[in-house]
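Asks: So the sequence shown is numbered by UniProt numbering: it starts at 1 and just counts up by one.
A virtual CB, placed ideally from N, CA and C, is assigned to each residue, including glycine.
Just so it is clear, the structure is predicted and the values come from calculations on it, not from any experiment.
Handing you a structure now.
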Amino acid sequence: MGGADVDAPDLAAMAAQALSAAASGAANTAVSDLVRGRLSRSARGQAALDELANAPSDPETSSNLQATLADEISSDAEFAGRLAVLLHAPSQQHTGSVVMTGSKVTRSQVALGPLTINNTRAGQLSLAAGVLLVVLIVALAAYGGVRLFDNTDDSPLNAPSEPGTTRSASRAAALPPTTDTVSQILPGRSSMDAQEYPWAGTPEVRTSAAGSGLCRAAPECERNATAAGAVEFGRGENEGENRAEFLVLAFPDAAAAHRTYIDIVQDYEEADRGFGNFRKVALERRGEESQGFDEYGTDAKSNPAPLNVNRMLIFRQGAFIGVAHQMDDPTEQRGTRILSLSAMLANRIAKTDAGKTP
């Protein structure tokens, strides 16, 4: 960008301070990343970075770093402009200038931060690009401070995450997909209403889902599930009234869990499983993807006509699949009790996926 006149020493001092802070143990910023990337291109710049790494508090090191940065800023107006925007440096003062949101305009020059642009056709084009850049950064900052200059790959900045996508550095890793984790996810006696569910079964947890009816049409489930667990609660082991069942499957990663979830849901949609007819039903969403089902059967004790007695919700969160199943409920809560059961299980799996103990 020809005709640029940058206040290099002040800009270099601020940039050196940001880089020194990062070298001393503070978190990297867009400024420190930009400066480090620029200096690493030359032998002199790399030498300054090496000195900073070895002696970050040495005044001579700081002076050499600032001098090196000042030369880089003076020789490259584009680099200077990007650095100025990130640092929000104050504008230079020009006699007789007009203030425009921190920028200055004279008859022949425009100052954007510490960057002065000649009022020529080339300069006007550069100014337009610079103004657009500032507006874009301000808009992105309002949505969480997106780092415009730190996108090191070719993917869109706001691309939706896919199952198996690498987690954000600020988010803890999920608990491992083991039998111990599945055992912790399954609700215990203290989690259930003892009056509604006086009987509590013994949890069954194993290292494979092979042979599970839930996985009969899901090859990924048979092959790759690393742990499977189930537990049941009710009014009596032999009474068959108002029972609640929870199932949890764990997988090596979210992608494998997603493929299994799709197969399981499709199986319930299409297959005659031999113990009832299933129909999709809209229920409150749980996890990252979920689907509710009703099972039609008969309640011979009170009404021989077909009656909806079972309702379940299948959902996936990260590398885990959960199933909440309300069965044989003779009360008026037959259609709604599944909401609280599935919410409880989803909350326990969400904690696990966030690296916390349920």
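Beta strand (DSSP E) containing K280: first to last residue?
Replies: Taken as a continuous stretch (DSSP letters only), the beta strand (DSSP E) holding K280 covers 277-281.
Asks: Based on Cα-Cα distance, which residue from A16, A47, Q291 lies nearest to D278?
Replies: It is Phe, not Asp, that sits at residue 278 in the sequence shown. Nearest C-alpha to F278: Q291.
Asks: Could you give the residue range of the alpha helix (DSSP H) that holds G45?
Replies: 43-54 is the span of the alpha helix (DSSP H), which, as asked, contains G45.
Asks: Check whether the segment 250-260 touches the segment 313-320, taking contact to mean three or more Cβ pairs, one atom from each stretch, closer than 8 Å.
Replies: With a cut-off of 8 Å, the segment 313-320 and the segment 250-260 count as touching, because enough Cβ pairs lie within range.
Asks: Counting only the same chain and skipping the five closest in sequence on each side, list residues whose C-beta sits under 6 Å from that of residue 360.
Replies: With the chain covering 1 to 358 only, the question about residue 360 has no answer from this structure.
Asks: Taking the continuous beta strand (DSSP E) assigned at E284, which residues delimit it?
Replies: Per DSSP, E284 belongs to no beta strand (DSSP E) and is neither H nor E.
Asks: Going by C-alpha to C-alpha distance, which of L186, E232, I185 sits closest to P198?
Replies: Comparing Cα-Cα distances from P198 to each of L186, E232, I185, the minimum goes to E232.
Asks: Compute the Euclidean distance between the alpha carbons of D5 and L65, then round it to the nearest angstrom.
Replies: Because the pLDDT at D5 is just 44, under 50, the model does not fix this residue reliably, and the value given afterwards should be weighed accordingly. Taking the straight line joining both Cα atoms gives about 21 Å.
Asks: If you check the beta carbons only, do L249 and A227 fall under 9 Å apart?
Replies: Yes; because the gap between Cβ atoms is below 9 Å, this pair is in contact.
Asks: Which runs of the alpha helix (DSSP H) spanning at least 4 residues fall entirely within the segment 51-84, listed in chain order?
Replies: As far as the segment 51-84 is concerned, its whole alpha helix (DSSP H) runs of at least 4 residues are 59-75.
Asks: Going by other Cβ atoms of all chains shown within 10 Å of its Cβ, with 16 needed for buried, is T336 buried or exposed?
Replies: So T336 counts as exposed.
Asks: What number of angstroms, rounded off, separates the C-alpha of V31 from the C-alpha of M14?
Replies: Rounded to whole angstroms, V31 to M14 spans 10 Å at the Cα level.
Asks: Can the beta-carbon of M327 be found less than 9 Å from the beta-carbon of R243?
Replies: Contact flag set, yes.
Asks: Kindly identify the DSSP beta-bridge partner or partners of F233.
Replies: In the DSSP output, where bridge partners are listed per residue, F233 has A200, A244.
Asks: Could you check what DSSP says for G211 in three-state terms: helix, strand or coil?
Replies: If DSSP states are grouped into helix, strand and coil, G211 belongs with coil.
Asks: Is it buried or exposed, P177, if we count other Cβ atoms within 10 angstroms and call 16 or more buried?
Replies: Buried, by the Cβ-count rule.
Asks: Less than 8 Å between C-beta atoms, sequence neighbours within five positions excluded: which residues of the same chain meet that for P9?
Replies: Correct list, in chain order: Q66, A70.
Asks: Starting from the C-beta of L86, find all residues in its chain whose C-beta is less than 6 Å away, skip the five residues before and the five after it, and write them out in chain order.
Replies: These residues qualify, in order along the chain: A30, V31.
Asks: What did DSSP end up calling A21 once you bin it into helix, strand or coil?
Replies: Note: A21 maps to helix in three-state DSSP.
Asks: Run the CB neighbour count on N347, radius 10 Å, all protein chains shown included, and call it buried at 16 or more, exposed below.
Replies: Result: exposed.
Asks: A194: which of I185, K280, L283, R235 sits nearest, CA to CA?
Replies: Of the listed residues, the one whose Cα sits closest to A194 is R235.
Asks: Of the residues L175, D267, A21, which one's Cα is nearest the Cα of S215?
Replies: A small correction: the amino acid at residue 215 is Cys; Ser does not occupy that position in the sequence shown. Of the candidates L175, D267, A21, the one whose C-alpha sits nearest the C-alpha of C215 is D267.
Asks: Which residues in the same chain as I24 place their Cβ atom closer than 6 Å to its Cβ, once the five residues preceding and following it in sequence are excluded?
Replies: Before going on, a small fix: residue 24 reads as Ser here, not Ile. If we look at S24 and ignore the five residues flanking it on each side, its Cβ neighbours are P56.
Asks: If contacts are defined as beta-carbon pairs under 8 Å, then E284 and L339 qualify, I think. What distance do you get, rounded to the angstrom?
Replies: Contact holds; Cβ gap of about 6 Å.
Asks: Would DSSP call D253 helix, strand or coil?
Replies: Looking at D253 - three-state DSSP - the assignment turns out to be coil, as it is neither helix nor strand.
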